[in-house]
Structures are given as structure tokens and as C-alpha cells.
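Residue numbers (the working numbering): 2 to 460.
The block underneath contains the structure these notes are about, expressed in C-alpha cells.
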């Protein structure tokens, strides 16, 4: 209610200012006039203490890109990268974005959507009302962006998500915990490993260190590598690592070796820190293992054949390991924390405006399979015609060229202008559009992601 009253008060204030300007013949900041707003950088503070920034080019084309940043320090940003910021400004786009609430968790879903809409209001008041507003978000901000695309009718005209965590926080915590539990149970048998309920970032880092050390030691044996592959399957972990060629589909040893590269590079440290932040936000543990059938869970993974082959080669009984995991699964989620995460950190209940999602096909932090789960939910809501998804043939999270980002914005801009996608989001069309920019290249590819292991069923 206070935010609603604040919005009404601001709207009333702007109306009074406009009336005064009309009577005196002068223009005020935020009024819609034929005079272009002054170019430059703007900053401000929102009601919850979040900061917002905006950049306006000298020759503004009337379109505002509202950017939602990813997981990390709550610092305002208005573009994915410095290079994309410069190119988009040069093309005439204005940019804006908020920090989200700086007093809360880095998992800032409690405030992010609200703060992004408040940033739009602040831009309207202090710069001008855009002719068109497009929402853009990356990583965790891709989840914010998907929520804006669901809730933003009348406020935004379309959205572009890049490397977005679109399956949401509930699925993320669930499948990550399944993998962490598998590592602890099979590679550190008989040891007590704290997997949830972290009291601090240091507490989470201790668990990450133990799990990473266990994986490193296990990589030395065939039995250990088979069990690493099992955990990687539950994690939806890509088998194509940076600096390497993709492994052959019939080479399970090479597939596991590249999954190990991701894990050895500190992936678990990032995951455990994220779990601590999510628990901070939700007020408790948001995922559990109890009641999980680990054999059935594996059967839904695109890496199941790899796991079975490595278990055979190692002389291990896969059924015995999955049965032991099922018997020992005893972690229970806090229902209230789960409800909180469901309310703040999911987005797959439909779309109100067109959304183009772009993802690298080998993303170690937000698996590309999240796009499959999200699309299924959007279609179930009857909004499939509003969604398009595109893929880039590259490794690593949010690893896009400037040309890929700008071409994606152009494709959405076309959709909003014409009311039709017109094939502009096909791999060939996006590649051609990116190449024409003459920037830093692109690698769009026709691709269909596999199933997200551990995804919650559609309600």
C-alpha cells in the first residue's frame, strides 16, 4: 500500500507540474514535448533505498531499455556490458536500471521487479516518457525480466532475456541440492556435510570447499568419475567446457572430463554462496531431498547414457547407488520458505508482452535446459505465441558478443513495431542481423534444449 500511495502521489505531482508548464509556457522535466531531453547520465534513489541510473543519448530514438542486472552486489547497472551500452547508446536507445534493495540479500527478488518499475516511473518524471519501453535482463535479472514480461502490460512493450534464470529459484535450488547431496553421500560417505541452513557466506564456503575437494580426489579413479557424472547429471551440468572442443556423443569419458573442468573451476563455491543468499531472502531452507527417487530422476537426464556407460566401465552398480541415495534422502524444505520463493522467484505463469530469450548452449550456472522448462510453462498458460527462444553456440554463462545482444534487441524491436515475429528470431535471421552490424561476430545456432532434471511439474 505505501508504494501504491507513493506512485499515486508522484503521478499527481507530475500532473500538477505539467498543468503549470502549460499555463506558463515552459517545459518541465518529465513532460512530453517536442524538445529532446538533455543527453547525459542521471541517478536517483528510490523509496526503499535502491539507486537507479539512466543514460540518454544525444539523439534519442524514443525507446528506453530497462535493464535488470544479475546476481551479485546490488549496484545499479543499465546494460549487460560496457561495449553493449556504448553501441546501444550510439544507436539512439536510452538506458536505465536499478540496484534493487541494497539492504537485502544479493538474491534480490523481493524488491527487483518493484524497483525496476519504480525506475521506469523515475525516468518518466525526470527525463521524459518513452514512446516505447523494452525490458532487458541477464542471469538472475533474466528471471526479473521474465516476471516483468508477465506483469508489465501497459508499462513495457516487450522483453529480451539473455542467459536468464527463467525456470526460477525453486527449480534452481531443487536440482542443485540433488547434486550436492549426491556428492556428499557418495564421495564423502559417513561424513556430516552441511548442505542447507547456512548461517553466513563463510559457512557456505566451507561446504563448497569440502565438496570441491571430494570431487577433485574422486576424479583420480574410474569409480569416482562415474559418481561425478551422476552428480553432474542431476545438476544439469553441460559437458562442453571452455577452451575445449565439444566431446563426441559416444565418448562418455570425454563428457565427464569436461564436466569435471567446470566443477574444478569453482562452480560449487558459486552455487553454495547462491544458496546462502536465497535462504537469506526466503527465510529458511527452500529445497529438500526427502521422497526423491534418484533412479527416476536420472532417467530424465540427457546425460543418463553417459552415467550408465561410466558405471559399467568402473564395475559399479548404478542401481545400488541410486537406491542408497533414495534411502538416505532426509532433507526437508521449510514450507514457508518454499512459498516465499514461489511468490517472489518464479515467472512461468504466462506472458503479457512479447519475450525473446537468448541462451548459450553450454551454460554452467544457468543450464540451457531452463529454457525448455520455461517454454513448457508459457505454452501451458496459452501464451506460447508471445515467446521466442534463440541459442548461441558457445560456452559459459552470459558469454555473448555485443553483436548478439544488439541483434536480439533489434529483433524484439521489430516484433513490437510490426506486431509479428516475421521469422526475425530464427538462427539464420539473427546471425545475418548480427553480421550486418560489423561488430564482434556472432554464433547463433538452431538448437533444442533437453529436459531440465528436477523441474517442478506444471500446475
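Backbone N, C-alpha and C fix where the C-beta goes; we use that ideal spot for every residue, glycine too.
* Give every residue of the same chain whose Cβ lies closer than 6 angstroms to the Cβ of residue 26, excluding the five residues on either side of it in the sequence, and list them in chain order. => Confidence at residue 26 is low in this model, with a pLDDT of 29, below 50, so the placement of that residue is unreliable and no value is reported for it.
* With DSSP as the reference, label residue 208 as helix, strand or coil. => Here residue 208 sits in helix by DSSP.
* Can you tell me whether DSSP reads residue 42 as helix, strand or coil? -> strand
* May I ask you to list the residues that DSSP assigns as paired with residue 57? => 41
* Count the CB pairs spanning the stretch 232-249 and the stretch 394-403 that are closer than 8 angstroms, and state whether there are at least three. => yes
* **Pairwise C-alpha distance: residue 365 and residue 265** => 12 angstroms
* Asked: Would you call the CB atoms of residue 307 and residue 256 closer than 7 angstroms?
  -> yes
* Asked: For residue 363, does the count of other Cβ atoms within 10 angstroms reach 16, so buried, or fall short, so exposed?
  -> Counting every other CB atom within 10 Å of its CB across the protein chains shown gives residue 363 a total of 16 or more, marking it as buried.
* **Meets three-Cβ-pair contact criterion under 8 angstroms: the stretch 158-166 and the stretch 177-188** => Output reads no: the stretch 177-188 does not touch the stretch 158-166.
* **residue 110 versus residue 458 - alpha carbon distance** => 22 angstroms
* Three or more C-beta pairs below 8 angstroms linking the stretch 165-181 and the stretch 426-438 -> no
* Extent of the continuous alpha helix (DSSP H) run through residue 142 -> Residues 141-152.
* Where does the unbroken beta strand (DSSP E) through residue 160 begin, and where does it stop? -> 159-163 is the span of the beta strand (DSSP E), which, as asked, contains residue 160.
* Asked: Span of the alpha helix (DSSP H) holding residue 300?
  -> 295-300
* To do: Evaluate residue 211 with the Cβ neighbour count: other Cβ atoms within 10 Å of its Cβ, from every protein chain shown; 16 or more gives buried, anything less gives exposed.
  => buried
* To do: Give the range of the beta strand (DSSP E) segment to which residue 391 is assigned.
  => 388-396
* **Contact set for residue 441: own chain, Cβ-Cβ below 8 angstroms, skip 5 residues either direction** => 84, 402, 403 and 404
* What distance in whole Å lies between the Cβ atoms of residue 195 and residue 183, which are believed to be in contact at a cut-off of 8 angstroms? -> The pair is not a contact, with the Cβ atoms about 16 angstroms apart (cut-off 8 angstroms).
* Between the beta-carbon of residue 154 and the beta-carbon of residue 356, is there less than 7 angstroms? -> no
* Asked: How long is the line joining the alpha carbons of residue 260 and residue 228, rounded to whole angstroms?
  -> The alpha-carbon atoms of residue 260 and residue 228 are separated by roughly 12 angstroms.
* Asked: When the Cα atoms are used, what is the spatial distance from residue 59 to residue 126?
  -> Each residue's alpha carbon lies about 19 angstroms from the other.
* **Exposure label - residue 56; buried when at least 16 CB within 10 Å** => Around the beta-carbon of residue 56, 16 or more other beta-carbon atoms lie within 10 Å, marking it buried.
* **Those runs of the beta strand (DSSP E) which lie wholly inside the stretch 324-373 and span at least 3 residues** => 356-363
* Asked: Going by the beta-carbon positions, is the gap between residue 240 and residue 253 smaller than 7 angstroms?
  -> no
* Report buried or exposed for residue 418, applying the criterion of at least 16 other Cβ atoms within 10 angstroms of its Cβ. => exposed
* Asked: Who are the Cβ neighbours of residue 217 in its own chain at under 8 angstroms, not counting the five residues just before and after it?
  -> Closer than 8 angstroms at Cβ, skipping near neighbours: 265.
* Best match in 74, 122 and 78 for proximity to residue 48 [C-alpha to C-alpha] -> 122
* Measure the C-alpha to C-alpha separation of residue 44 and residue 191 and round it to an integer number of angstroms. => 54 angstroms
* Asked: What is the rounded straight-line gap between the Cα of residue 371 and the Cα of residue 392?
  -> Cα-Cα distance, rounded: 12 angstroms.
* **Beta-carbon proximity list for residue 206, same chain, < 8 angstroms, skipping 5 on both sides** => 270, 273 and 274
* To do: With a floor of 4 residues, list each alpha helix (DSSP H) that falls wholly inside the stretch 65-144, ordered by position along the chain.
  => You should have 83-91 and 113-127.
* When the distance is taken between beta carbons, is residue 99 closer than 7 angstroms to residue 53? -> yes
* To do: Can you give me the Cβ contacts of residue 71 inside the same chain, cut-off strictly under 6 angstroms, excluding the 5 residues immediately before and after it?
  => 139, 140, 141 and 142
* To do: Select from 145, 358 and 97 the residue whose C-alpha is nearest the C-alpha of residue 461.
  => Summary: the structure shown does not reach residue 461, with the chain confined to residues 2 through 460, and so no result is reported for it.
* **residue 46 classed as buried or exposed, judged by whether at least 16 other C-beta atoms fall within 10 angstroms** => exposed
* Tell me, please, which residues DSSP counts as bridged to residue 446. => 392
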